[in-house]
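Peer 1:
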Amino acid sequence: MVGFWPQTKEDERLTSAEYSIAGCVSGIFARALCQPFDVLKIRFQLQLEPIRKHHAHGKYFGLFQAANTIIKEEGWKSLWKGHMPAQGLSLTYGLIQFLSYELLTEKAFRVIPEEWSGSAQSRILVSFSCGALSGTLANTVALPFDVIRTRLVAQGEPKIFHNSRHAAKMMFKNEGFASFYRGLIFSFYELSQTFWNKFIFDHISNSANDVTKAIVCGGAAGVAAKSLLYPLDVLKKRLQVVGFEQARTSFGRTFHYSGFVHCIISTVFQEGYTGLYKGFLPSILKAAASSACGFFFYEQTCNLFRSLRKRNDNNTVKREDENN
Numbered sequence: 001m002v003g004f005w006p007q008t009k010e011d012e013r014l015t016s017a018e019y020s021i022a023g024c025v026s027g028i029f030a031r032a033l034c035q036p037f038d039v040l041k042i043r044f045q046l047q048l049e050p051i052r053k054h055h056a057h058g059k060y061f062g063l064f065q066a067a068n069t070i071i072k073e074e075g076w077k078s079l080w081k082g083h084m085p086a087q088g089l090s091l092t093y094g095l096i097q098f099l100s101y102e103l104l105t106e107k108a109f110r111v112i113p114e115e116w117s118g119s120a121q122s123r124i125l126v127s128f129s130c131g132a133l134s135g136t137l138a139n140t141v142a143l144p145f146d147v148i149r150t151r152l153v154a155q156g157e158p159k160i161f162h163n164s165r166h167a168a169k170m171m172f173k174n175e176g177f178a179s180f181y182r183g184l185i186f187s188f189y190e191l192s193q194t195f196w197n198k199f200i201f202d203h204i205s206n207s208a209n210d211v212t213k214a215i216v217c218g219g220a221a222g223v224a225a226k227s228l229l230y231p232l233d234v235l236k237k238r239l240q241v242v243g244f245e246q247a248r249t250s251f252g253r254t255f256h257y258s259g260f261v262h263c264i265i266s267t268v269f270q271e272g273y274t275g276l277y278k279g280f281l282p283s284i285l286k287a288a289a290s291s292a293c294g295f296f297f298y299e300q301t302c303n304l305f306r307s308l309r310k311r312n313d314n315n316t317v318k319r320e321d322e323n324n
C-alpha cells in the first residue's frame, strides 16, 4: 500500500530513506521502459496540422507511422531522445512525491483522532490533501527537467541542443531563468493527477494479490487520471517550446504563443477541441505502462527492504541464541 496508514503492521513500516529509494527505483525503471511512448506523445502534441492519414501537410498521422518515420530520419536511438533529463525528472519527482506523501500521510494520521482514522472519509481527505501537496512540491522542483526533456524531444536534425547540459546553458543564456518554468501554470494539473492516481489505486486494490494489485491497479489509476487531465498536458508542452520555434521548422507549421490564454484560444480556434487531445493514444499507453511499472517496482522494492529487515532480525535473534 502506498502511503502511511494506521492499519499497517509496525514491522512492515519502512524508514523515510527506504521509501525514498523505492520511489527512485520505480521512477528509473518506469522511465527507461516507457520513454519511446513519451517521444511519440510529445511529437504529436506539438504538431499543429491534423493527425490524419489523408492530410497532406501533417508529418505524423499514426503511432506506427510516426515511430517508423522517426527511426528512419533520426535513428532508433531518437526514440529515447531526452532520456537523461527525463530520468532526472523521474528521480526528482519520484523521490519528492513518494517521500513527502509518506511523511504527510503519517503526520496527518498522527493528528487525526483515532476513532476517525479508519473511516473512508478520513482516507479520502488524507489522500486528496497529501497527494495535492506532494504533487505540487515534486512538480515545482522537477519542472526544469521536464522543459529540457520536451525541447530535446521536440527538435529534429540537425540538433540545436546537443545534450541536456548544452540545452540548460543555452536556455539560460538566451531566454533567462524563467525559461525553465515555461508552462508552470498548466503543470499544476499534477495536483489532481496525483490525487486521482492515489485515490483510484487505493480503492480498487483490496481484492488482488500484491503483484497483480501493483500492476493492474497502478495501470488503471494512471489511465483514469490521464484521461481526465490530458488537455492541460498538451497546453503545457506547447508553452514549453515557446522561443524554440526554429527547431520545429522541419516538422511543419509553428506558432508563438504570448501566454497561456493565447495558447488555449489559438489551439481551440485553429485545431478544434480535438487539438487538445493530440497524442492521446501514446499518452494512454505510456500512462498505463508507467503507472503499472512505477507502482510495481515501488511495491517490490519496499517488499525487498522488508525481507532484508526480517532476515537481519532473524540473524540477530539467532546470534543472540547462540551466545546464550
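The numbers in the sequence shown follow UniProt numbering, run straight up by one, and end at 324.
C-beta atoms are modelled at their ideal positions from N, C-alpha and C, and glycine is treated no differently.
On the criterion of 16 or more Cβ atoms from any shown chain inside 10 Å, does N139 qualify as buried, or is it exposed?
Peer 2: On the sequence shown, position 139 is the one that residue 139 refers to. With 16 or more other Cβ atoms within 10 Å, it is buried.
Peer 1: Report buried or exposed for A178, applying the criterion of at least 16 other Cβ atoms within 10 angstroms of its Cβ.
Peer 2: Taking the first residue of the sequence shown as position 1, residue 178 is located at position 178. Exposed.
Peer 1: Given H166, which residues of its chain have a CB within under 8 Å of its CB, disregarding the five upstream and five downstream residues?
Peer 2: Looking up residue 166 in the sequence shown gives position 166. Here the set comprises nothing.
Peer 1: Would you decide whether T92 is buried or exposed? Buried here means 16 or more other CB atoms lie within 10 Å of its CB.
Peer 2: Looking up residue 92 in the sequence shown gives position 92. With 16 or more other Cβ atoms within 10 Å, it is buried.
Peer 1: Going by C-alpha distance, which of E74, D233, I28, C24 is nearest S250?
Peer 2: The count along the sequence shown starts at 1 and reaches residue 250 at position 250. The candidate whose alpha carbon is nearest that of S250 is E74.
Peer 1: How far does the alpha helix (DSSP H) with R31 in it extend, from its first residue to its last?
Peer 2: Your numbering for residue 31 matches position 31 in the sequence shown. Here the alpha helix (DSSP H) through R31 covers 16-46.
Peer 1: Does DSSP put residue 327 in a helix, a strand or coil?
Peer 2: Examination of residue 327 is not possible in this model, given that the chain is present from 1 through 324 alone.
Peer 1: Tell me where the alpha helix (DSSP H) around S179 begins and ends.
Peer 2: Walking along the sequence shown from the start, residue 179 turns up at place 179. No alpha helix (DSSP H) holds S179; DSSP gives it neither H nor E.
Peer 1: How long is the line joining the alpha carbons of W80 and F145, rounded to whole angstroms?
Peer 2: Against the sequence shown, residue 80 aligns to sequence position 80. Against the sequence shown, residue 145 aligns to sequence position 145. Approximately 15 Å between the Cα atoms of the pair.
Peer 1: Are the Cβ atoms of S100 and G27 separated by less than 7 Å?
Peer 2: Position 100 of the sequence shown, counting from 1, holds the residue named residue 100. Position 27 of the sequence shown, counting from 1, holds the residue named residue 27. S100 is not a Cβ neighbour of G27, given a cutoff of 7 Å.
Peer 1: With H, G and I counted as helix, E and B as strand and the rest as coil, what does DSSP make of N163?
Peer 2: Numbered from its first residue, the sequence shown carries residue 163 at position 163. Of the three classes helix, strand and coil, the one that applies to N163 here is coil, per DSSP.
Peer 1: Nearest to G294 by alpha carbon, out of P50, Q87, K237?
Peer 2: Along the sequence shown, one-based indexing puts residue 294 at 294. It is Q87.
Peer 1: Closest to R13 by CA distance: which of E299, G279, E49 is it?
Peer 2: On the sequence shown, position 13 is the one that residue 13 refers to. Here the closest residue by C-alpha is E299.
Peer 1: Grouping DSSP H, G and I as helix and E and B as strand, with all else coil, what is Y101?
Peer 2: Counted from its first residue, the sequence shown places residue 101 at position 101. Y101 falls in the helix class under three-state DSSP.
Peer 1: Between the C-alpha atoms of L285 and K41, what's the straight-line distance to the nearest angstrom?
Peer 2: Taking the sequence shown and counting its residues from 1, the one referred to as residue 285 is at position 285. Taking the sequence shown and counting its residues from 1, the one referred to as residue 41 is at position 41. The straight-line gap from Cα to Cα measures roughly 10 Å.
Peer 1: What is the DSSP secondary structure of P282, reduced to helix, strand or coil?
Peer 2: Here residue 282 is taken as the residue at index 282 of the sequence shown, counted from 1. Correct three-state label for P282: helix.
Peer 1: Would you please state the rounded distance, in angstroms, between the beta carbons of S16 and E102? I believe it to be under 8 Å.
Peer 2: Position 16 of the sequence shown holds residue 16. Position 102 of the sequence shown holds residue 102. So it is a contact: roughly 7 Å between Cβ atoms.
Peer 1: Spatial neighbours of V242 within its chain, please: C-beta separation below 7 Å, excluding the five flanking residues on both sides.
Peer 2: As a first step, residue 242 must be located in the sequence shown, where it is residue number 242. Result list for V242: R182, H256, Y257, in chain order.
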